[in-house]
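**Q** Quick note: the sequence shown uses this note's numbering, first residue 13, plus one each step. Ideal placement from N, C-alpha and C gives every residue a C-beta, glycine not left out. From a predicted model like this one, the values you see are computed outputs, not experimental measurements. Let me begin by handing over the structure; questions about it come next.
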Amino acid sequence: MKKILIILLCIFIVLGLVGCKKSNEVLGDEPLTNHAEPILTIKSGNKSCVYVQLVLYEDGKYELFTEYEACRSLEICNLALKYTKSIKGIYNYDIKKIIENSVDASDKTYSMDNLPEYEMSVGNSYVEEGYSYKYVVEKGQTNKYLDEFLKEMDINLKVCASPYYID
């Protein structure tokens with residue numbers, strides 16, 4: 013019995029030193045450097061971590077940004093958010109349905125007590141068609157088209173992006 017306890021204790025110590033891979037860790041490749049005009053950027057409205065971010069481009073391609081530059085704990089640094097890895101793909105969906113079934117948030121402000129479920133930024137080409145720059149899905153509301161799109165694409169925007177620690 014004592015040997016089993018010692019073995020279990022050793023396993024916990026090794027896992028604590030080595031660490032376990034986070035279940036939400038998704039990496040991808042280098043972000044696109046030459047891409048079409050973004051038409052819609054979607055991210056979680058929750059601010060408890062840096063969430064993955066989805067960018068849809070005019071040419072039917074998308075990027076799901078999954079990793080960002082970060083400073084280590086207790087380091088003083090002043091970094092602007094910069095994503096370093098993304099997963100790329102192709103979509104075929106009427107994005108205007110998502111926008112039209114969201115709340116126009118161009119004149120709204122949110123506090124930490126009433127953050128929206130999702131935040132969306134619209135690209136210039138849609139703004140030229142009369143759409144606003146900012147839309148949200150507020151807490152307690154649903155956008156069946158956004159839900160359908162994310163399910164179809166098998167994308168979860170409620171996952172934290174992985175930090176890439178710079179030295």
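Got a sec, what are the start and stop residues for the alpha helix (DSSP H) residue 158 sits in?
**A** Counting along the chain, the alpha helix (DSSP H) containing residue 158 begins and ends at 156-165.
**Q** Where does residue 102 sit, in a helix, a strand or coil, going by DSSP?
**A** Correct three-state label for residue 102: strand.
**Q** Between residue 155 and residue 118, is the Cβ-Cβ spacing less than 7 Å?
**A** No; because the gap between Cβ atoms is not below 7 Å, this pair is not in contact.
**Q** Could you tell me the distance, in whole angstroms, from the CA atom of residue 41 to the CA atom of residue 101?
**A** Spanning the two alpha carbons is a distance of roughly 12 Å.
**Q** Could you check whether residue 177 and residue 82 sit closer than 7 Å to each other, using their CB atoms as the reference points?
**A** Yes, the Cβ-Cβ distance between residue 82 and residue 177 is below 7 Å.
**Q** Take the Cβ of residue 174 as the centre, count every other Cβ of all protein chains shown within 10 Å, and call the residue buried at 16 or more, exposed below.
**A** Residue 174 is buried by the Cβ-count criterion.
**Q** Which runs of the beta strand (DSSP E) fall wholly inside the segment 79-123 and span at least 3 residues, in chain order?
**A** Segments of the beta strand (DSSP E) lying fully in the segment 79-123: 95-102.
**Q** Using a threshold of 7 Å, state whether the C-beta atoms of residue 49 and residue 75 are closer than that.
**A** No; because the gap between Cβ atoms is not below 7 Å, this pair is not in contact.
**Q** So residue 140 is in the alpha helix (DSSP H); what residue range does that whole segment cover?
**A** That run of the alpha helix (DSSP H) goes 136-140.
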